[in-house]
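Reading through the structure tokens given below for one structure.
Residue numbers (full-length UniProt numbering): 1 to 92.
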């Protein structure tokens, strides 16, 4: 199943590059009213909020951080489950 999802994602990414181009990397707004926003970077970008430029992290950074946190929580859960289910007192 995951390979099918990856395959579909690859197909859509080649067919619709303009849609997926900004999915992982966002560009900064050029200006907000009289203020000029700074240029985007690999880790952050700026977006308009009224007349001010707001700082935002790039979406790919959120994906990496979410993956790390979910991996850590899943490993803690599996370790706890193994400790409860496979302790020497529970063996028959």
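Idealized CB from N, CA, C, for every residue including glycine.
Keep in mind the model is a prediction, meaning the values are calculated, not measured.
Judging by CA-CA distance, which residue of 43, 51, 25 is the nearest neighbour of residue 33?
Nearest in C-alpha terms to residue 33, of all of 43, 51, 25, is 51.
Can you give me the Cβ contacts of residue 62 inside the same chain, cut-off strictly under 8 Å, excluding the 5 residues immediately before and after it?
none
With residue 76 as the anchor, note down where its alpha helix (DSSP H) starts and where it stops.
59 to 85
In chain order, which beta strand (DSSP E) runs of at least 3 residues are fully inside the region 30 to 61?
44 to 49, 52 to 57
Could you tell me the distance, in whole angstroms, from the CA atom of residue 74 to the CA atom of residue 83?
14 Å
Apart from the five residues on each side of it in sequence, which residues of its chain come closer than 6 Å, Cβ to Cβ, to residue 69?
none
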